[in-house]
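Visitor: Please see the structure below; I have some questions.
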């Protein structure tokens with residue numbers, strides 16, 4: 001369990017760095033083939049190509065200054081499937097934050113799956129249960 | 001997508017009825033072999049046997065009067081893996097509700113997986129992101 005948590009934390013840290021560096025080709029390698037990213041409530045990107053495009057748009061929306069930072073994190077591990085609950089802070093330039101319609105502090109729900117010994121993100125929902133609002 | 005949502009909604013409705021009827025042998029057939037139930041924050045039941053025992057204790061805790069009711073529900077579907085976000089109301093006798101340390105209204109996160117054409121629950125976390133509190 002400890003080892004799995006450590007591996008997934010490393011994947012999330014790598015992804016956060018790749019988002020900040022806008023290296024989206026490398027980023028989507030951490031997603032499953034049929035992964036879903038909740039871009040904003042009601043809007044989903046599905047599969048690596050759509051997710052890559054969505055991240056590029058999100059970066060632009062945040063004035064190319066986005067920096068995701070994870071806070072408190074909990075994991076529930078069921079074999080090859082893991083639910084990650086994470087406090088996520090989206091840091092960005094003052095200008096971008098002022099213009100944003102979206103909360104910069106979120107409680108995210110990520111689902112990771114083990115595929116060929118690698119932990120990949122299958123569902124990336126930074127909005128967590130707030131989608132029920 | 002519509003069909004998958006319909007099937008999973010039916011599974012959840014069946015499970016809620018089986019919990020109310022305390023038919024735990026039938027209930028655990030809707031869980032994967034390595035499923036995890038978050039019994040309460042920090043306490044997990046893992047696998048069908050532990051989950052069955054946990055549900056029996058939960059029923060007793062709630063004075064054998066438990067009735068789960070789902071409200072608003074959202075699903076994010078990534079191939080054979082689905083994240084369900086659900087408003088869940090735990091109804092129970094007045095006496096049981098008064099004695100309970102736990103919220104009777106929750107925002108749950110369930111993960112379902114398709115196994116041999118059936119949708120089974122892999123992670124049952126009725127506490128949702130409130131585990132981060």
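Chains as they are written, first to last, in the UniProt record's numbering: chain X, 1 to 133; chain G, 1 to 133. All residues carry an ideal CB built from backbone N, CA and C; glycine is no exception.
1. When Cβ atoms are compared, which residues of the region 86–100 of chain X fall closer than 9 Å to chain G?
2. Assuming residue 51 of chain X is part of the alpha helix (DSSP H), what are its boundary residues?
3. CB-CB under 7 Å to residue 120 of chain G, same chain, minus the five flanking residues each way: which ones, in chain order?
4. Would a C-beta distance cut-off of 9 Å place residue 66 of chain G and residue 39 of chain G closer than the cut-off?
5. Could you check the C-alpha separation between residue 91 of chain X and residue 123 of chain G for me, to the nearest Å?
6. Run through DSSP, which three-state label would residue 31 of chain X get?
7. Would residue 35 of chain X and residue 48 of chain X qualify as a contact pair, given that the criterion is a beta-carbon distance under 9 Å?
8. Mapping the DSSP letters down to three states, classify residue 19 of chain G as helix, strand or coil.
9. Closer than 9 Å, CB to CB, is residue 116 of chain X near chain G or not?
10. Between the Cα of residue 94 of chain G and those of G/22, G/45, G/63 and G/11, spot the shortest distance and give me the residue it belongs to.
11. Could you say which of G/6, G/54, G/13 and G/61 lies nearest to residue 101 of chain G if we only look at CA atoms?
12. Flag residue 81 of chain G as yes if its beta-carbon sits less than 9 Å from any beta-carbon of chain X, otherwise no.
13. Check the Cβ of residue 129 of chain G against every Cβ in chain X and list those closer than 7 Å, keeping chain order.
14. I believe residue 8 of chain X touches residue 75 of chain X by the beta-carbon criterion, under 8 Å. Please report the beta-carbon distance rounded to the nearest angstrom.
15. Counting only Cβ pairs nearer than 9 Å, list the residues of chain G close to residue 32 of chain X.
Guide: From the atom records:
1. 86 and 87
2. Position 51 of the first chain, counted from the first residue, corresponds to residue 51 of chain X. Here the alpha helix (DSSP H) through residue 51 of chain X covers 47–61.
3. Stepping through the second chain from its first residue, residue 120 of chain G is reached at position 120. Excluding residues within five positions, the ones whose Cβ falls inside 7 Å are 30, 31, 32, 112 and 113.
4. Counting from one through the second chain, the residue named residue 66 of chain G turns up at place 66. Counting from one through the second chain, the residue named residue 39 of chain G turns up at place 39. No; because the gap between Cβ atoms is not below 9 Å, this pair is not in contact.
5. If you number the first chain from 1, residue 91 of chain X lands on position 91. If you number the second chain from 1, residue 123 of chain G lands on position 123. As the crow flies, the alpha-carbon of residue 91 of chain X is around 31 Å from that of residue 123 of chain G.
6. Counted from its first residue, the first chain places residue 31 of chain X at position 31. Reduced to three states, the DSSP call for residue 31 of chain X is strand.
7. Translated into the one-based positions of the first chain, residue 35 of chain X becomes position 35. Translated into the one-based positions of the first chain, residue 48 of chain X becomes position 48. For residue 35 of chain X and residue 48 of chain X, yes; Cβs fall inside 9 Å.
8. For the purposes of this step, residue 19 of chain G is identified with residue 19 of the second chain, where counting begins at 1. Helix.
9. Position 116 of the first chain, counted from the start, is the residue given in the question as residue 116 of chain X. With 9 Å as the cut-off, residue 116 of chain X does not count as an interface residue toward chain G.
10. By 1-based counting over the second chain, the position of residue 94 of chain G is 94. Of G/22, G/45, G/63 and G/11, the smallest CA-CA separation from residue 94 of chain G is found for G/63.
11. Within the second chain, the letter at position 101 stands for residue 101 of chain G. When only C-alpha atoms are compared, the closest one is G/61.
12. Here the question's residue 81 of chain G lines up with position 81 in the second chain. At least one chain X Cβ lies under 9 Å of residue 81 of chain G.
13. For the purposes of this step, residue 129 of chain G is taken as residue 129 along the second chain, with counting starting at 1. Within 7 Å Cβ-Cβ: 85, 107, 109, 128 and 129.
14. One-based indexing of the first chain puts residue 8 of chain X at position 8. One-based indexing of the first chain puts residue 75 of chain X at position 75. Indeed they touch by this definition, with Cβ atoms about 7 Å apart.
15. By 1-based counting over the first chain, the position of residue 32 of chain X is 32. Here the neighbours are 78, 79 and 81.
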